[in-house]
Amino acid sequence: MSEIYLDHAATTPLRPEVLEAMLPYFNQEFGNPSSVYGAGRRAHQALDQARDTVADLLGAKSEEIIFTSGGSEAANLAIKGVAWAYQTKGKHIITSAIEHHAVLDAVLWLKQQGFEVTILPVDEEGFVDPQSVQEALRGDTILVSIMHANNEVGTIQPIEDIGAIVRAHGAFFHTDAVQTAGILDLDVAELNVDLLSLSAHKFYGPKGVGALYVRKGVRLDPLIHGGAQEKRRRAGTENVAGIVGLAKAFELAQAERGEVTRHLIQLRDQLLQGLQAIPHTKVNGSLERRLPNNVNVCFQFIEGESLLLNLDLKGIAGSSGSACTSGSLDPSHVLLAMGLSHEIAHGSLRLTLGRENTQDQVTYVLEEIPIIVERLRAMSPLYNA
Amino acid sequence: MSEIYLDHAATTPLRPEVLEAMLPYFNQEFGNPSSVYGAGRRAHQALDQARDTVADLLGAKSEEIIFTSGGSEAANLAIKGVAWAYQTKGKHIITSAIEHHAVLDAVLWLKQQGFEVTILPVDEEGFVDPQSVQEALRGDTILVSIMHANNEVGTIQPIEDIGAIVRAHGAFFHTDAVQTAGILDLDVAELNVDLLSLSAHKFYGPKGVGALYVRKGVRLDPLIHGGAQEKRRRAGTENVAGIVGLAKAFELAQAERGEVTRHLIQLRDQLLQGLQAIPHTKVNGSLERRLPNNVNVCFQFIEGESLLLNLDLKGIAGSSGSACTSGSLDPSHVLLAMGLSHEIAHGSLRLTLGRENTQDQVTYVLEEIPIIVERLRAMSPLYNA
Amino acid sequence: MYSDKVMDHFTNPRNVGEIANADGVGEVGNARCGDIMKIWIKVEDGIIQDVKFKTFGCGAAIATSSVITEMAIGKTLDEAEEITNKSVAEELEGLPPLKMHCSNLAADALRAAIEDYRKKHPITA
Amino acid sequence: MYSDKVMDHFTNPRNVGEIANADGVGEVGNARCGDIMKIWIKVEDGIIQDVKFKTFGCGAAIATSSVITEMAIGKTLDEAEEITNKSVAEELEGLPPLKMHCSNLAADALRAAIEDYRKKHPITA
Ligand SMILES: Cc1ncc(COP(=O)(O)O)c(C=O)c1O
Ligand SMILES: Cc1ncc(COP(=O)(O)O)c(C=O)c1O
C-alpha cells in the first residue's frame, strides 16, 4: 500500500530538479557569500540570481526581497519589524481572526508589549469584509496584516481591495501568502501590498527557507541582528543551498501553474462532490474564491484525530484542525471564527492536493472515507442513526 | 591551481557523510513533523533523534535544545528571549566589546528599547577579566553574554569562571559557542552556562541551521511566534534535513576531535611561526588559550582587503577584519577593543584551518605571503623601508 | 506516537455499544474539549458483568475507553473504583504526554457509571 | 565584485612610486578609514609630464590611484583638475557601490597635488 499524500498545505516533497539545483552549494560552492575570494563571490552570485528570480516572479525589485528561514520568520519579521520601526508613529495594528498563528501570535505578543490590536471577524465562509478594515483604521494604525488565502479552509481574501483601503489611509499592509505563493499568480503591485511572506516548502522547495517582500521605503527593525546580510535587515550566514532551492521551486511552480491548477481543481471538485454525499457533512470555506488544492469538510458527530488515524491506517495522509492534533483544548480557531460550534469544528478534515495526486487516488479516498466515518459515528455517543 | 581554503571560521564545506544523512529528508521522508500520519511521525522521529544527539554531546537534556536557523538566530533568541521574558525582574544586560555582531547588535537594539547595557573591555590578548564581570553585576542584571572563543582572534574566554560568578549572583549566562562547537569539547555543566548558541555550518554541517541550549527553568519569549514547534519557543515548520545534518556533523566532529585538533595545532603553529618571521608583523590574540585552527596577524603599513585580493589571485582564501570587506569605515571592532590602532588594525589577516588542510598548503602559503606583503608595502605611503 | 497496544484498541475497540437497561450509566467530557465518553455497566452481586462504551474523541480517548471495559469486567464495584486514569494509561503501555490530560477520562467515566449504579441501588442495611 | 579593468590596475598598478623633487605632492585620506593616497606630479609648461602614487588601501583604492596616473599624464593642469572621482570610476568600468564612497579618492589626491603645485608656483602676471 503506497501512501496517498493529501496534505500539501502542510508541506510538500522537494522536487528532484530543485534538489539538483541545490546540491552544488553544499560542498562545492560552499563559500560564505560575505567573503571576497572566489568561493565567496560565487556563492554571492547564486544569492543575487535567486533574489532576481524571486523578485521577478513577484513583480518586485531585487532589493525588496529578504530571505528568511521560512514563512513564520517572514511574517514575524514583517509584523514585529514594522511595529518596532514605526512605534513612535503609532501603536495600532489590525489583523483578522483567521490568520495563521505566525501572524496572530506575533500580533498578540506585541499587544503584551504595549501595542494596540484590532482583530477583525470573518463571515461564515471565512471572508474579511474590506469595509471592516476601513472602519478599524485609526490615526495611529501603522500596520494591517490579512492573509492571502487561509491554510485551513482555502478562502482567498479580497487582498487588492483591502490593500487599496489601507494604502489610501497611509498604513502599511502585509499579507501572509504562504498558501498562495506557487499556487496563485502573485504580483505585489496588483495586490496593493507593502509586505508579503512566503515559504519554500509549500511549493516543493526546501523546508527552513522563506522570503519576505518589503516595498522600497518601508523600514524594518531586524528580528535577527548581527551581520550585514540582507542589507542589514536579517543577519546570519545565508542558507545558500536553501535559497537557491526556493528560487528554483518558485520558478518551476510559476512555469507550470496553468496546467497544474486545472489538474488540482478537477481533483478538488471531485473530492468535494464525493464527500458532500456523506450525510451530516458540511463544506467549510468559500466555493467560489477557494484555493485550487483545498478541501475542508466537517463530519458531524466524530472527532478529527480519530478520523486521521483511520485514514493513515488506509494509507491516506490528511489533516485536521482538531484540538487533539494541535495540543490545545480548542479546535481550529479558524472554524470557530467562521461560526462553527466546538462540537462540529472538532470533526473537520482537510485534504490538500498536489501535482502528483491522481484521479485513481481520489476515487480510492472517496471509497474509504464513508466507511471510516460510518464506523466512528457508530461508536459516537452524539450520533443517533 | 586548486584553491587553498583557509577561512573555516567563516564557513566550512558540508561533509559528504552529512549530506548523505540529510538526503532522505528532502523528498522521501518529507513529512511535516507536526502531522499525525506516517510521513509526519517519521520526520518527527528524525528530529527527536537529532535532538538527543545534540543534547548528549553538550551534556544536556533533549528538551533543553531548540533548533534555529543558525548562530545569529540562536544568539538573538537567547538574548532577546531572556530580556523580554525577565524584563519585569530587571533590565540590565552585560556583554563584552569583542562579541560577534549577532550578540552585540542584539544587545544594542535592546538598549534602544529601554534596557540598560554594560559592555566590558578586554585586555590586549582579547580576554574578559572575570573580575570585571563581578564588578558589573547589579541587582537588576538579568543576563550576561560572553562568547566562548572569539571568531577573529581565537582567544578562548574563561567561561567556567565567569559562569560561576554569574550563577552565584543569580543572573543568567549565555555563551556564543559558534566558534567552539565541533572544535572544543563542550559540556554545559562544566561551562556553568544557562544558554549556549551554535551553528552547523561552522563544523561541516549545512548553512541555515543552528541550535540554542536553554537550561531547564530558563524562560524565553520567542523571537518567532506561531506554531507549537520547539515547545512553543521557536515557531515554523522544522528544517528537518538541516537539523539531521547538524546532528550528524556535530557527532562526527566530536568523534574525530582528538585527532583533528592535533592536526590543526600543528598547522596553526607552523603558520604562526612562519608569519612572525615577516618584519613588522604582530600576532593577535592569546598564544596560550587559542582556538586550534586560528591564526590572526597584522602586517603593518598595508591594508587587509588588498592583501586578501592578492591571496585570492594566488588561490588562497583568507579573511580580514578590514573595514573594506565589511562595508563600514571602521576596521574590526575586536582588534580596536584589544587596543590596536586603526592603522594597524586595517592590516589584519585571519587564516583559519580545517581538517582537510595539509602541510604542503601551509608551506605554499608561507612562500606567497611574504612576497605579497613586500609588494604592498612597496606601494604604501606609510612604509619607509 | 501511540503504542502498539493503543493502536490495537483503537483499531479493534472492545465492547463498543450500549447496554439496554443498564444498571449504571456514566458520561464525562464535553464537546468543547473534544472528548465525550459514555459507559454503560451491568452489575450482578456487586460484580461488573458487562461494560459497553461509546466515545467521541481522539485515538487515545477511544483506546482508553476500550481498554477500561476489559479492565472492569469481572471486578467488584469497589475494585473497579480503584482503577485510575493512570492505571489505564499503564495498561496501554503509555500515552503521549499531551494525551494524559484531556483524553484519558475513561476511569472517570467508569466511576461515574458506578456512582450512578449506587445511586439507583442504595444499600439497605 | 570588481570589474576586469579594476583587477588589471590592481594587479599591475601603473606608475607606482615617488618622484624625487616633484613639482607638487598631494595626500588624502587617513589611516582611520583605511585609505591613504599620495600623488606626486611633475609639471612642465602647464602640462603634467609625470605622475606617481603610493597607496595604502583596498583594491579599489589601489586601482583608482593607478588609473588616474594614466588619465592625468599629458593633460594641462586645468584639464586634470576636471577629473572627478566619478570619471575615475567610469574609466574603471564601474566600482561596487560600497567602494564609491570611501575608496574613490584618487581625483581628490590629484587635485591636492595640483593645488600644492600652484601654491609653490604662483602665477606672476
Ligand atoms: C562567534 C560567532 N557568533 C555568531 C555567528 C553567526 O552565525 P551564523 O552565521 O550561523 O548566523 C558567527 C559566524 O558567523 C560567529 O563566528
Ligand atoms: C498561512 C501560513 N502562514 C505561515 C505558515 C508558516 O510557514 P513555515 O512553517 O514555513 O514557517 C504556514 C505554514 O505552516 C501557513 O500555512
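Sequences listed follow chains A, B, C and D, in order.
If you're matching positions, the first sequence starts at 56 in the numbering used here and goes up one per residue.
If you're matching positions, the second sequence starts at 56 in the numbering used here and goes up one per residue.
If you're matching positions, the third sequence starts at 184 in the numbering used here and goes up one per residue.
If you're matching positions, the fourth sequence starts at 184 in the numbering used here and goes up one per residue.
Positions of the beta carbon are idealized from the N, C-alpha and C atoms, including for glycine.
(request) Mind listing which residues have their beta carbon within less than 5 Å of any non-hydrogen atom of ligand 2? Chain order is fine. (result) A:Gly125, A:Gly126, A:Ser127, A:His155, A:Ala157, A:Asn206, A:Asp231, A:Val233, A:Gln234, A:Ser254, B:Gly291, B:Thr292
(request) Tell me where the beta strand (DSSP E) around aspartate 111 of chain A begins and ends. (result) Per DSSP, aspartate 111 of chain A belongs to no beta strand (DSSP E); it is in the alpha helix (DSSP H), 93-113.
(request) Kindly indicate which three-state DSSP category threonine 235 of chain B falls into: helix, strand or coil? (result) coil
(message) When you compare the CB of leucine 102 of chain B with every CB in chain A, is at least one pair closer than 8 Å?
(response) no
(message) Along the chain, where does the alpha helix (DSSP H) containing serine 249 of chain D start, and where does it finish?
(response) 242-255
(message) Is there a C-beta anywhere in chain C that falls below 8 Å from the one on proline 334 of chain A?
(response) no
(request) Would you mind working out which of A:Pro79, A:Lys271, A:Thr407, A:Ile153 sits nearest glutamine 321 of chain A, comparing C-alpha positions? (result) A:Thr407
(message) Can you find the residues in the same chain that come closer than 6 Å, C-beta to C-beta, to methionine 56 of chain B, ignoring five residues on each side of it along the sequence?
(response) Because methionine 56 of chain B carries a pLDDT of 48, less than 50, the predicted location of this residue cannot be relied on, and no value is offered for it.
(message) asparagine 82 of chain A and leucine 69 of chain B - do their beta-carbons sit closer together than 8 Å?
(response) yes
(message) Taking 6 Å as the limit between beta carbons, can you name the residues of its chain near glutamine 189 of chain B, skipping five residues before and five after?
(response) Ile220
(request) Answer with buried or exposed for asparagine 204 of chain C, where buried requires no fewer than 16 other C-beta atoms within 10 angstroms of its C-beta. (result) exposed
(message) Within 10 Å of its beta-carbon, does glycine 281 of chain A have 16 or more other beta-carbons around it, so buried, or fewer, so exposed?
(response) buried
(message) Can you look up histidine 335 of chain A in the DSSP assignment and give me helix, strand or coil?
(response) coil
(request) Taking only beta-carbon positions, decide if glycine 277 of chain C is within less than 8 Å of chain A. (result) no
(request) Run down chain E in chain order and give the residues with a C-beta less than 7 Å from the C-beta of phenylalanine 354 of chain A. (result) This model lacks chain E altogether; the protein chains it does include are A, B, C and D.
(request) Take the Cβ of leucine 363 of chain B as the centre, count every other Cβ of all protein chains shown within 10 Å, and call the residue buried at 16 or more, exposed below. (result) buried
(request) Take the Cβ of proline 280 of chain D as the centre, count every other Cβ of all protein chains shown within 10 Å, and call the residue buried at 16 or more, exposed below. (result) exposed
(request) Would you kindly report the start and end of the unbroken beta strand (DSSP E) that includes valine 350 of chain A? (result) 349-354
(request) Would you list, in chain order, the members of the stretch 257-273 of chain B that have their beta-carbon closer than 8 Å to a beta-carbon of chain A? (result) Pro261, Lys262, Gly263, Val264
(message) With a threshold of 7 Å on Cβ separation, who are the neighbours of alanine 244 of chain A within its own chain once the five nearest residues in sequence on each side are excluded?
(response) Gly114
(message) Can you check whether the C-beta of leucine 362 of chain A is within less than 8 Å of a C-beta belonging to chain B?
(response) no
(message) Rounded to whole angstroms, what is the Cα-Cα separation between alanine 290 of chain D and glycine 373 of chain B?
(response) 31 Å
(request) Take alanine 392 of chain A and list the residues in its own chain whose beta-carbon comes closer than 6 Å to its own, dropping the five residues that flank it on each side. (result) Ala152, Ile153, Val177
(message) Using a 10 Å radius around the Cβ and a threshold of 16 neighbouring Cβ atoms, would you call histidine 304 of chain C buried or exposed?
(response) exposed
(message) Does the distance between the C-beta of alanine 372 of chain B and the nearest non-hydrogen atom of ligand 1 fall short of 7 Å?
(response) no
(request) May I ask whether a heavy atom of ligand 1 can be found less than 7 Å away from the beta carbon of methionine 393 of chain B? (result) no
(request) Using beta-carbon positions only, say whether isoleucine 224 of chain D and isoleucine 231 of chain D come within less than 8 Å of one another. (result) yes
(request) Tell me whether glycine 409 of chain B counts as near ligand 1, meaning its Cβ is closer than 7 Å to at least one heavy atom of that ligand. (result) no
(message) Going by C-alpha to C-alpha distance, which of B:Met77, B:Glu58, B:Phe122 sits closest to lysine 286 of chain B?
(response) B:Phe122
(request) List the residues of chain B whose Cβ lies closer than 8 Å to the Cβ of lysine 221 of chain D, in chain order. (result) Pro436
(request) Helix, strand or coil for glycine 150 of chain A, going by three-state DSSP, please let me know. (result) Position check: residue 150 of chain A holds threonine in this sequence, whereas glycine was assumed. It is a strand residue.
(message) Can you find the residues in the same chain that come closer than 6 Å, C-beta to C-beta, to phenylalanine 356 of chain B, ignoring five residues on each side of it along the sequence?
(response) Arg432, Ser435, Leu437, Tyr438
(request) Report the residue from B:Ala310, B:Asp385, B:Gly125, B:Thr292 whose alpha carbon sits nearest the alpha carbon of asparagine 213 of chain D. (result) B:Asp385
(message) So that I know if they touch, is there some Cβ in chain B lying closer than 8 Å to that of aspartate 274 of chain D?
(response) This sequence places glutamate at residue 274 of chain D; aspartate is not what is there. So, not an interface residue.
(request) Please check if any C-beta of chain B sits within less than 8 Å of the C-beta of aspartate 367 of chain A. (result) yes
(message) So, under 8 Å CB-CB, lysine 282 of chain D and alanine 243 of chain D are touching, yes? Tell me the CB distance rounded to an integer number of Å.
(response) 4 Å
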